[in-house]
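These notes concern the structure reproduced below.
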Amino acid sequence: MAARDALSAHPADPQSTHPMDRRRFLTALSAPAFAACDFKNGAPEFKGAVFGPAMALGHRLRNNDFPAPAETRNLDIAIVGGGVAGLSAAWRLAKRGIKTFRLFELEDALGGNSRAGSSAVTPYPWGAHYLPLPTRESVHVRALLADLGVLKSGIDSDSPVYDERAIVNGPQDRLYRNGLWQEGLLPRMVAPKELDQYKRFEELIERFKQSQDLFGRKPFAIPSLLASRDVRTTSLDATDMRRWLVSQGFDSPALHWYVDYACRDDYGSLSRDTSAWAGLHYFASREGRAKNADTHAVLTWPEGNGFLTRRTEEWLQERVAEPFSRNSLCAKLVTGRGFAEIDIFHADQNRSVRYRCKRVIWAAPSFVLARVWDNPPPPFRPAVADIQTVPWLVANLHLREPPADTGPAPLAWDNVLYNSNALGYVVATHQVLRVRPGATVLTYYWPHSGEAPAAARKRLFDTPWPEWIKAVLADLKRPHPDIAKILERIEIWRWGHGMPQPSPGFLNAPARAALANLKGPLVFAHSDLSGMSLFEEANYAGVRAADLA
Amino acid sequence: MRHALLFSVFVVASCGLAYELIAAALSSYVLGDSVTQFSTVIGTYLFAMGVGSWLSRYIERGLAIRFIQIEILVGVIGGFSAVILFLVFAHLSGPFRLVLYGLVFVTGMLVGLEIPLIMRILKNELAFKEVVSQVLTFDYLGALAVSILFPLLLAPHLGLMRTSMMFGLFNVLVALWAIALFGRDSGIVPAAAGQVERAAPMALPPSAASFLRAQCAIALLLLVGGFAFADKLTALAEEGIYADQIIYAESTPYQRIVVTRWRDDLRLHLNGNLQFSSRDEYRYHDALVHPALATLPGAKRVLILGGGDGLAAREVLRYPQIESITLVDLDRNMTNLFAKAPLLTALNQNALSSPKVKVLNQDALLWLEQNPDMFDLILIDFPDPSNFSLGKLYSSAFYRLLEKHLSATGLAVIQSTSPYYARKSFWCIVATLEDAGFRTAPYHAYVPSFGEWGYIIAGRGTFVPPAAFPVVPRSFDAPSLKALFEFPPDMARVPTEVNRLNNQVLVRYFEEEWRRVMR
Ligand SMILES: Cc1cc2nc3c(=O)[nH]c(=O)nc-3n(C[C@H](O)[C@H](O)[C@H](O)COP(=O)(O)OP(=O)(O)OC[C@H]3O[C@@H](n4cnc5c(N)ncnc54)[C@H](O)[C@@H]3O)c2cc1C
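Chains as they are written, first to last, in our numbering: chain A, 992 to 1540; chain B, 31 to 549.
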């Protein structure tokens, strides 16, 4: 393995199709967020690279190491953060006819955790990759999807019609277990006793889905802010998901694996570290339907939810003059009576501007707010400090052809590994309408759960990244022994603060209240508001903030 | 000696289980329904072992010689079992089950003979309880080892043929080893302390040893050869599937193309499936082209998707008003073959070289998405929906895309598998076209090589069959055409789901229905 200069791995010009290449030229901000090398163990040679928000930037933010503002400008509404939440806030404002806002995003591209990359073969996700069919409570998600052309008709009905191309193509998922791929994610070939438990678990979930409290609220609504406050269900937050399973008499190892997988998939945390309320939310909240799809279908695109953020971005660009400032980092926030001042560092100009705003919609993570807010009320910082974020590693494998394996279930959209710390991979070209299987990109997801998030984060960044690439390949070689032979390039992305962990007690923790109660010149919009990092939650938080602002 | 024999029990047991697993895997591969295959094979095998054990009482003398001979026999029969089964399936489809259970029975019986023999050999050395405990322990350990290695390592990496040859080799090597053990001149085994050393009762006479060694050598030669030429043997098996002489065979990146000839009959097979026989392909292409095209006197532009053999194009070219034919077929090797090989161009009358025909070797789906052209007639001659990638070519999303390429009065004709053998599949395609907004006119024709075959004409209005044919088809005229649009009760419409990209139900229907036919 020979470490080479970053550029030589991508001999194309700096403006090459890969958006990440450009990150490297974002000089002022950081030490290289990008590095690359060749792997030559044996004949096949492939290239590796690493991406991710630069650590140096974090340090700079911590030390507030930015030039003093050169001027002060007035602004009606500022949105800080251009992920799903920030974009949803902007979309909601524009729909209400308010166009006097500006969205500031520190990266060179919008999208946040839902951002995507692209190659000559296909676009592919770097983070969020799917959206379950929206439920009836997700009115704003449905409205957004209708505006973007994904929801075709029946917006208020139980089963709307969605763009067929966005509905996950069959086969949807498969599981690698005991050396074979099976269809579906619930392990088959288990003891009859375990099958009984599957059935009982399903019945329990069905009961949660059907029930309502005195106000007609569902116990596990999505968005979760609309869920019932009935203590009979909210008290589930006191225990963890694993313990809850055991308390209900579930001891099937396969069922425990499945539930653990679900927690890791949605929250990046093991079932034993996840609030039972959050764990059950995964199963009981997603009951959206479509007229033209099976019940468990999801919406997905080659670039994952990056499709939605890109289309929202375009939608806004067509309607609002200059809605966005990219490469623009909020370094300081001061709130006053009826106004807030934010210092924005425009990295591309290497200068700071102070904006005096009537309203600030904060759509960046809560830990960043705690850092840059100069005069928060005293309980704010300690409350928010409780939120732990799980780091994630995402790898994109660029393959010359689809990977060969033992089957018998054929390559699906979501391919899950049974005995793995990682989740498995999704296939970017699965939704592409073509017959010939050809070059593709696999996106491999690995939440670093199971240890204290801060320690896991340190390990994620302290371990040299080529080691991570080796670990990813070692895991994938189990189902696909020959994968290195068809590998063109492998890139990893380290999400230091991937998702907040909904640990037991999160529902009633002071953090949620502290964020939800922000009013006046500063309202909070990031998905941290709910403590559950999901598209629907981010969208709701953004819309809610836009309506409060 | 004792340890060596116990080790051989381990090998013998693992080989036995391996043959059983190979037979079960092969039969579920060939016949489907793995639960039935595995349980009947395992049942037969265990029963045969019982028979073997019972028979062992009749072997009274020369235990060592018999043991070694049985070992060689198991090695050869078991080692070649996969090849034999494959060849039998390919060449004589009838007695496959007979041979399968026969082989399983014989190997089971031989293995069943061995364990009692070893026990009896050992009984001179060990107490009875020791013999039983140790032999059975190693027996089960061997089975455990193989049951783990087989699905994880052997089947995926070596394949069934090589795996069975390898275990055959193990058997023979055990035989060789046993010859060495029993044949040692001294033939002395250390006895328990205090006892007088005595000659091993099983020692082989030198002449027998060399005779057995020769048998081993032959068996080894056979098995090593089989192992090395496993690929060739697969090809041999393939030839059996095509009963006729192969005149062309090629593996392209997309499929395996095989052309065979028997007398004047040319046949094209793709991935082992018959595509046409030159004797009756006219019936297939008559039905695909003429009912629709005869109603389109103004048709000028035709699109053919699939159909790289040029036979549909040949029929279309008979209409003088046609100005251009665009033929999109993924496989360049296929269209080249049918544009150049004399025997084949004679069949399609050089259609692919006509100046009116433009051949594009592209993915039909990608091409339809990227190209804005409109057509008066679209003929769809895709392979049957036997896997998920092909299933996309029969989905509602695909038909919506197709609709965008059809001129106002244009028609599409879709070959839609057999409404007799795959009734649900056929009507599922009809339902899917209707879901995509088309009016449909389903019909069928008899093609002797295929049986009753189905087609669907799809358009924006109601289809009225032609009253006369400007170009005369061989297999029907206007009055007899009417019957093709009628479906007798055993092919009549059945309710089905719509085939969407999301559910891919057609692939499931198709697999279910054809599996039933193949059995
Ligand atoms: C690997 C991974 C996979 C995921 N998969 C899914 C999935 O499949 N489905 C799903 O629903 N959810 C998924 N998620 C959850 C995902 O986080 C949410 O869906 C959603 O994207 C969160 O959006 P957000 O706007 O709340 O937050 P973020 O995406 O975190 O957006 C915050 C934005 O603020 C910017 N920012 C930060 N600090 C500053 C500052 N000081 N100044 C200016 N801007 C700043 C950031 O750059 C970022 O763009 C996944 C998350 C990860 C990490």
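Ideal placement from N, C-alpha and C gives every residue a C-beta, glycine not left out.
{"Asked": "Would the beta-carbon of Glu1128 of chain A be found less than 7 Å away from any heavy atom of ligand 1?", "Found": "no"}
{"Asked": "Relative to the alpha-carbon of Gly1108 of chain A, which residue among A:Thr1300, A:Asn1283, A:Ser1129 has its alpha-carbon at the smallest distance?", "Found": "A:Thr1300"}
{"Asked": "For a test of the three-state rule: what should DSSP assign to Ile352 of chain B, helix, strand or coil?", "Found": "coil"}
{"Asked": "Quick check on Ser1518 of chain A: buried or exposed, where buried means 16 or more other Cβ atoms within 10 Å of its Cβ?", "Found": "buried"}
{"Asked": "What residues in its chain sit with their C-beta under 8 Å from that of Val1344 of chain A, if we drop five residues either side in the sequence?", "Found": "Pro1060, Ala1061, Glu1062, Thr1063, Arg1064, Asp1334, Ile1335, His1337"}
{"Asked": "Find out if the Cβ-Cβ distance for the pair Lys1389 of chain A, Arg1310 of chain A is shorter than 8 Å.", "Found": "What sits at residue 1389 of chain A in the sequence shown is His, not Lys. Cβ distance not < 8 Å, so His1389 of chain A and Arg1310 of chain A don't count as in contact."}
{"Asked": "Just to confirm, is the Cβ distance from Phe1057 of chain A to Ala1322 of chain A under 8 Å?", "Found": "yes"}
{"Asked": "With a cut-off of 8 Å on the beta carbons, I'd call Val106 of chain B and Ala210 of chain B a contact; round off their distance for me.", "Found": "Not really, about 20 Å apart at Cβ, beyond 8 Å."}
{"Asked": "By the three-class DSSP mapping on this structure, what secondary structure does Asp1473 of chain A have?", "Found": "coil"}
{"Asked": "Counting contacts by CB-CB distance shorter than 8 Å, is Glu1155 of chain A in contact with chain B?", "Found": "yes"}
{"Asked": "Any idea which residues DSSP pairs Trp1172 of chain A with across the strands?", "Found": "A:Tyr1167, A:Pro1399"}
{"Asked": "Determine which residues of the stretch 1158–1178 of chain A have a Cβ less than 9 Å from any Cβ of chain D, and write them out in chain order.", "Found": "Any reference to chain D falls outside this structure, whose protein chains are A and B."}
{"Asked": "Is it buried or exposed, Tyr88 of chain B, if we count other Cβ atoms within 10 angstroms and call 16 or more buried?", "Found": "exposed"}
{"Asked": "Counting only beta-carbon atoms, is Leu1424 of chain A nearer than 8 Å to chain B?", "Found": "yes"}
{"Asked": "What do you reckon, are the CB atoms on Ala317 of chain B and Ala513 of chain B nearer than 8 Å?", "Found": "no"}
{"Asked": "Lys370 of chain B lies in the beta strand (DSSP E); which residues open and close that run?", "Found": "It is not in any beta strand (DSSP E) - Lys370 of chain B instead sits in the alpha helix (DSSP H) that spans 362–370."}
{"Asked": "Terminal residues of the continuous beta strand (DSSP E) containing Leu156 of chain B?", "Found": "Looking at the DSSP string, Leu156 of chain B is not in any beta strand (DSSP E), and its letter there is neither H nor E."}
{"Asked": "Nearest by alpha-carbon distance to Ser3 of chain B: which of B:Asp393, B:Glu345, B:Phe412, B:Asp411 is it?", "Found": "Outside the displayed range of chain B (31 to 549) lies residue 3 of chain B, so it cannot be described from this structure."}
{"Asked": "Would you say the stretch 1200–1209 of chain A touches the stretch 450–461 of chain B, given that touching needs at least three Cβ pairs under 8 Å?", "Found": "no"}
{"Asked": "Is DSSP giving Gly1305 of chain A helix, strand or coil here?", "Found": "It is worth fixing the name first, because residue 1305 of chain A is Glu in this sequence and not Gly. Glu1305 of chain A: helix per DSSP, three-state reduction."}
{"Asked": "Roughly how many angstroms lie between the CA atoms of Leu382 of chain B and Arg331 of chain B, to the nearest whole one?", "Found": "16 Å"}
{"Asked": "Is the shortest distance between the beta-carbon of Ala1288 of chain A and the beta-carbons of chain B less than 8 Å?", "Found": "yes"}
{"Asked": "By the DSSP assignment, the beta strand (DSSP E) with Trp292 of chain B in it spans what residues?", "Found": "286–292"}
{"Asked": "From the beta carbon of Gly1033 of chain A, is the nearest beta carbon of chain B less than 8 Å away?", "Found": "Low per-residue confidence applies at Gly1033 of chain A: pLDDT is 43, beneath 50, and the placement is therefore not dependable, though the value from the model is reported in the following sentence. No - not a single Cβ of chain B is within 8 Å of the one on Gly1033 of chain A."}
{"Asked": "Expressed to the nearest angstrom, what Euclidean distance is found between the alpha-carbon atoms of Phe180 of chain B and Leu56 of chain B?", "Found": "13 Å"}
{"Asked": "Quick one: residues in its chain with C-beta nearer than 8 Å to the C-beta of Ala399 of chain B, no 5 flanking neighbours on either side, listed in chain order?", "Found": "In the sequence under discussion, the amino acid at residue 399 of chain B is Glu, which differs from the Ala named in the question. Closer than 8 Å at the Cβ level, and outside the excluded window around Glu399 of chain B, lie Leu431."}
{"Asked": "Taking Cβ-Cβ distances below 8 Å as the criterion, which residues of the stretch 377–407 of chain B are in contact with chain A?", "Found": "Asp393, Ala394, Leu395, Leu396, Glu399"}
{"Asked": "If you follow the beta strand (DSSP E) that Trp1437 of chain A is part of, which residue opens it and which one closes it?", "Found": "1431–1438"}
{"Asked": "What are the residues that DSSP puts in a beta bridge with Pro1114 of chain A?", "Found": "A:Ser1109"}
{"Asked": "In terms of residues, what are the limits of the alpha helix (DSSP H) holding Leu1467 of chain A?", "Found": "1456–1468"}
{"Asked": "Would Asn533 of chain B pass as an interface residue toward chain A - the criterion being a Cβ-Cβ separation below 8 Å?", "Found": "yes"}
{"Asked": "Is it true that the CB of Ala78 of chain B sits closer than 8 Å to the CB of Gly138 of chain B?", "Found": "yes"}
{"Asked": "So, does the CB of Phe418 of chain B fall closer than 8 Å to a CB anywhere in chain A?", "Found": "yes"}
{"Asked": "Just the chain A side, please: which residues come within less than 7 Å of Lys422 of chain B by C-beta, in chain order?", "Found": "Leu1424, Val1426"}
{"Asked": "Cβ of Arg1485 of chain A within 8 Å of Cβ of Gly1043 of chain A?", "Found": "yes"}
{"Asked": "Can you look up Met992 of chain A in the DSSP assignment and give me helix, strand or coil?", "Found": "In this prediction, Met992 of chain A scores a pLDDT of 31, lower than 50, which makes its location untrustworthy; no coordinate-derived value is stated."}
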